[in-house]
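Here the structure comes first, spelled out in structure tokens, and everything after it is commentary.
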Amino acid sequence: MKNLFKFTTIVLLLLTLIGLLLVFALVYVFYSNKGASMEFQNASSQVVESAEIAVSDKSCSVSGLVSGGKFRCYFENLSDSSYRVSVKLKDGQLYTKESLGYLSGGFDFYHVIRVNQSGDIELVSNPRT
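Number 77 in our numbering belongs to position 77 of the sequence shown; there are no gaps in the numbering.
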């Protein structure tokens, strides 16, 4: 009877361990390597002297982006957050947007961010998840 109890306990612990490993593996598959592809567009009539887009603790930047120009960034493994965008145009004007859009970990996003003629920074696409 004692041996049966030991065997049952060991089997139960092994099954619990296997179950936990499967749960962690599924979480890893669903939440790793997800992120946001972002395209920044200069729809103003001026050269963008500098632009910085930050999300979570990651950022990308560009300088000297001509009118009609675009650049792309990819941000990986994000937490729940939004974009922080700062754009300086050739005339010296600095435009910022502290909270633009919404991103969540575990999903893939594609956003287009545009600075327009008046210096407004806008999110012009819906996220693709």
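Using N, Cα and C, we set each Cβ at its ideal position, and we do this for glycine too.
All values derive from a computational prediction rather than experimental measurement.
query: Unbroken stretches of the beta strand (DSSP E), 3 residues or longer, contained in the stretch 46-116; result: 48-55, 58-65, 70-76, 81-89, 94-103, 109-115
query: Residue span of the beta strand (DSSP E) that contains serine 118, given as start and end; result: Counting along the chain, serine 118 falls outside any beta strand (DSSP E), and DSSP gives it neither H nor E.
query: Candidates Asn116, Ser59, Gln93, Asp120, of which the one nearest serine 81 by Cα; result: Ser59
query: Neighbourhood of serine 45 by C-beta distance below 8 Å, restricted to the same chain and skipping five residues each side; result: Ser67, Gln117
query: Beta-carbon proximity list for glutamine 93, same chain, < 7 Å, skipping 5 on both sides; result: Gly119
query: Residue burial classification, valine 124 (beta-carbon count within 10 angstroms, cutoff 16); result: exposed
query: Endpoints, the beta strand (DSSP E) within which serine 37 is located; result: 35-42
query: Test item: CB-CB of phenylalanine 40 and phenylalanine 75 under 7 Å; result: no
query: Among Gly35, Leu4, His111, the one whose alpha carbon lies nearest that of serine 56; result: Gly35
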